Amino acid sequence: MNLQIEDKGAAVLMAVQEERLDAHNSGELKNHMLKLFEEGKNNLVVDLQAVRFVDSSGLGALVSGFKNASSRNGNLKLSGLQLQVKSMFELTRLHRVFEIYTDSDEALASFQQ
Amino acid sequence: MITDRIAVDIKVPNQTRYLCLIGHIGENIARTLRNYSGDREKLAYDLNLVLTEAMANAIQHANEGDPDKEVHIEISIISQRLIIRVFDFGEGFDFKQYVRPGHPLDEHGRGIYLMHSIMDEISYQQTESGHVLKMIKDL
């Protein structure tokens, strides 16, 4: 899976550089997030700007990351959701669970407040 | 009025690397339909999603993740009615358990709910060699 991971100080920015986040690659995303949590990096911004398609398994991986971050007193926030991807969060009511920002700069800034 | 009459029959190995292929077929069908007055891009996403979900489900729950098994998918459109059948050759799973949305923080169990929300009809039945997940959408 193509991921760009950058430590931005207050949070780690994880940009998913894949067109699809589905049952084929969501396990890998989950593992990358777990690795960061094990390193004590509990504040994450997952940027989905490049992602055109998310299935239930992709949503599940993000929920898993969110729960892990929260249980370590951190947070997992999302940015850059394309319109159709955003609809998936609304349909599953996950837009009430995640803090969702227009772009990664805005999401990162929210960690600095 | 000229109506679409399409029949696609696909067999792919029981592996998640083929999800993208199957999903894209759904998207392309939505973009190619002759008569569709709704939001075509939404239909493209929806067909990509239901095919991806149904196939992932067959791989993970019904064919027990065996990469040597196959998933068989039929897509047909007759008289503005889209019918998708996904055949698996495994033990199957408790379909009814997943029709309703679970807790928002559940990590699994959204696939059937999503297919149920998008399609007009959905059923899961036993066949001679396994099960078939059948979904219908009126276009």
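Line by line, the protein sequences give chains P and E.
Counting in this note's numbering, the first sequence runs from 1 upward without gaps.
Counting in this note's numbering, the second sequence runs from 1001 upward without gaps.
In this text, a Cβ means the ideal position worked out from N, Cα and C, and glycines have one as well.
Computed from a prediction, not measured in an experiment: that's the story for all the values here.
Classified as buried, P/Val85 has 16 or more neighbouring CB atoms from the shown chains inside 10 Å of its CB. E/Asn1048 counts as buried, since at least 16 other C-beta atoms from the protein chains shown sit within 10 angstroms of its C-beta. Among the residues of chain E, those whose CB is under 8 Å from the CB of P/Thr92 are Pro1101, Pro1104, Arg1110, Tyr1113, Leu1114, following chain order. Relative to the Cα of E/Asp1068, the nearest Cα in the group E/Tyr1045, E/Glu1121, E/Asp1088, E/Asn1035 belongs to E/Asp1088. P/Gln84 has a beta carbon lying within less than 8 Å of a beta carbon in chain E.
Positions of the alpha helix (DSSP H) runs, each at least 4 residues long and wholly inside the stretch 1068 to 1133 of chain E, are given as 1111 to 1118 in order along the chain.
In this model, E/Met1055 and E/Arg1085 are separated by some 10 Å (Cα to Cα). In this structure, DSSP gives E/Arg1005 a state outside helix and strand, which the three-state scheme calls coil. Excluding the 5 residues flanking it on each side, E/Asp1066 has same chain C-beta neighbours closer than 7 Å at Asn1014, in chain order.
In the three-state DSSP reduction, P/Val51 falls in the coil class, being neither helix nor strand. For the stretch 1002 to 1021 of chain E, the residues whose beta carbon sits under 8 Å from a beta carbon of chain P are, in order, Thr1016, Arg1017, Leu1019, Cys1020. Distance between P/Leu44 and E/Ala1062, taken at the CA atoms: about 35 Å.
Burial check for E/Thr1127: the Cβ neighbour count within 10 Å stays below 16, so the residue is exposed.
The beta-carbon distance between E/Glu1107 and P/Gly60, rounded to whole angstroms, is 4 Å. This is short enough to meet the 8 Å contact definition. Between E/Leu1019 and E/Leu1139, the CB-CB gap reaches or exceeds 8 Å.
DSSP links P/Ala109 through a beta bridge to no other residue. The beta carbon of P/Lys35 does not come within 8 Å of any beta carbon belonging to chain E, so the residue lies off that interface. In the three-state scheme derived from DSSP, where H, G and I count as helix and E and B as strand, E/Asp1138 is classed as strand. If you draw a 10 Å sphere on the C-beta of P/Arg20, you find 16 or more other C-beta atoms in it, and that means buried.
In this structure, DSSP gives E/Val1050 a helical state, which the three-state scheme calls helix. Listed by position along chain P, the residues whose Cβ is nearer than 7 Å to that of E/Leu1049 are Asp55. Here P/Leu83 carries a helix assignment [DSSP, helix/strand/coil]. Sixteen is the threshold: when 16 or more other Cβ atoms of the shown chains lie within 10 Å of the Cβ of E/Ala1058, as they do, the residue is buried. In the three-state reduction of the DSSP assignment, P/Gln4 falls in the strand class. At a beta-carbon threshold of 8 Å, the residues of chain E lying near P/Asp22 are Thr1016, Leu1019, Cys1020, Gly1023, Thr1052, Ala1056, ordered along the chain.
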